[in-house]
């Protein structure tokens with residue numbers, strides 16, 4: 014069992030503070046190692062962001078101590094750059110040694126991301142011919158090699174031996190991405206102005222962080238299984254998210270099913286409809302108060 018936490022969008026000082034609280038609380042799901050992928054840009058949000066990965070064996074204080082110039086009092090310091098996203102992971106080892114190398118996030122040519130769960134050998138064989146010691150690397154390598162997420166996800170079963178919740182940055186289209194199956198939880202909240210999202214493996218972590226920092230989110234939602242959420246952000250359109258249901262395959266029954274989705278109507282302001290098709294909508298109204 015590992016933990017996923019993070020923030021994406023218009024990242025302000027309070028959002029960095031929320032991320033720090035979430036990362037510390039997340040040790041309840043794993044203390045073996047801690048990692049953060051920081052997505053930053055030069056201040057214009059629409060330019061190609063840089064992605065830097067920081068990893069350490071142990072809990073968040075160990076990470077902060079190792080990278081003192083980047084984490085000041087637990088808050089990420091991007092210098093003269095602006096933070097677009099912070100993708101965090103706390104590891105509870107199931108495969109591979111406990112080292113900095115095997116801490117998440119894992120970085121590939123196109124994808125930098127984290128995985129909570131385990132993938133069985135049967136599914137790994139379908140995902141691709143890789144020689145990684147850790148199943149999470151194998152899964153993220155497949156996402157790296159398949160620009161179409163569906164080509165990877167269709168080979169991940171939904172049962173106790175193949176559990177998955179994934180958060181990753183895709184350099185090909187500069188988007189933050191989320192997907193999970195029913196075996197691993199993931200909850201997301203949206204800021205009051207609709208410009209920023211926070212996430213955690215367990216909802217109580219978000220509620221605790223909001224309470225501690227006296228922040229009232231617009232709403233919270235549990236990420237729906239087998240739905241690919243793709244987030245983007247720029248100053249003109251704000252925070253946009255595209256929701257796409259993906260098919261999941263049952264190898265036992267030999268059947269294929271497709272995830273479900275809901276639609277709602279909203280304006281183009283903040284998580285709006287700009288460039289999003291009818292069949293792949295997720296809007297701010299999808300976040301229910303919780």
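Residue numbers (my numbering): 14 to 303.
The beta carbon of each residue, even a glycine, is placed where N, CA and C say it ideally should be.
These numbers were taken from a predicted model, which means no experiment stands behind them.
| said: Using a Cβ-Cβ cutoff of less than 6 Å, which residues in the same chain neighbour residue 23 once the five nearest sequence positions on both sides are dropped? | reply: Result list for residue 23: 208 and 209, in chain order.
| Can you tell which of 224, 98 and 17 has the C-alpha that lies nearest to the C-alpha of residue 46? | Checked all of 224, 98 and 17; the closest Cα to residue 46 is 17.
| request: Flag this pair as yes or no: are the beta carbons of residue 191 and residue 143 separated by less than 8 Å? | output: No.
| query | Does the count of Cβ pairs from the region 71 to 80 and the region 131 to 138 closer than 8 Å reach three? | reply | Cβ pair count under 8 Å is below three, so no.
| message | Quick check on residue 226: buried or exposed, where buried means 16 or more other Cβ atoms within 10 Å of its Cβ? | response | When all chains shown are included, residue 226 counts as exposed.
| said: Suppose only complete runs of 4+ residues qualify. What are the alpha helix (DSSP H) ranges in the region 182 to 229, listed by chain order? | reply: Runs found: 216 to 225.
| Any non-hydrogen atom of the ligand COA within 7 Å of residue 171 CB | For the structure depicted, the ligand COA is absent and the ligand set is empty, with no information on it obtainable.
| query | Using a Cβ-Cβ cut-off of 8 Å (strictly less than) and excluding sequence neighbours within five positions of residue 271, which residues of its own chain qualify? | reply | Because the pLDDT at residue 271 is just 49, under 50, the model does not fix this residue reliably, and the value given afterwards should be weighed accordingly. Closer than 8 Å at Cβ, skipping near neighbours: 239, 258, 259, 260 and 261.
| message | Looking at the secondary structure, which residues open and close the alpha helix (DSSP H) in which residue 258 lies? | response | Residue 258 -> not in any alpha helix (DSSP H); beta strand (DSSP E) instead, spanning 251 to 258.
| query | With distances taken between CB atoms, is the gap from residue 126 to residue 52 smaller than 8 Å? | reply | At the C-beta level, residue 126 and residue 52 stay beyond 8 Å of one another.
| field | Nearest to residue 234 (by Cα), restricted to the options 61, 117, 246 and 211 | value | It is 211 whose Cα lies nearest to the Cα of residue 234.
| message | Taking its Cβ as the centre, do 16 or more other Cβ atoms sit within 10 Å of residue 181, making it buried, or is it exposed? | response | By the 10 Å Cβ count, residue 181 comes out buried.
| task | Classify residue 65 as helix, strand or coil using the three-state DSSP reduction. | result | The three-state reading of DSSP puts residue 65 in strand, counting E and B together.
| request: Just the C-alpha distance for residue 90 and residue 79, rounded to the nearest angstrom, thanks. | output: Going by the C-alpha atoms only, they are around 14 Å apart.
| request: Give a yes or no on contact between the region 29 to 36 and the region 109 to 126, applying the rule of three or more CB pairs nearer than 8 Å. | output: No, the region 29 to 36 does not touch the region 109 to 126.
| Can you name, in chain order, every residue of its own chain whose Cβ lies under 6 Å from the Cβ of residue 29, other than the five neighbours on each side? | Hits under 6 Å: 88 and 89.
| CB-CB length for residue 94 against residue 55, believed under 8 Å | Contact flag correct, Cβ pair sits at about 6 Å.
| said: If I measure Cβ to Cβ from residue 223 and keep anything under 8 Å in the same chain, skipping five residues before and after, which residues do I get? | reply: The beta carbon of residue 223 lies closer than 8 Å to those of 31, 202, 229 and 230 in the same chain, with the five residues before and after it left out.
| Helix or strand or just coil, what does DSSP make of residue 244? | Judged by DSSP in its simplified three-state form, residue 244 adopts strand.
| query | For the beta strand (DSSP E) that contains residue 21, what are its first and last residues? | reply | Annotation: the continuous beta strand (DSSP E) that includes residue 21 extends over 16 to 22.
| query | Helix, strand or coil: how does DSSP classify residue 54 here? | reply | Correct three-state label for residue 54: strand.
| request: Evaluate residue 196 with the Cβ neighbour count: other Cβ atoms within 10 Å of its Cβ, from every protein chain shown; 16 or more gives buried, anything less gives exposed. | output: When all chains shown are included, residue 196 counts as buried.
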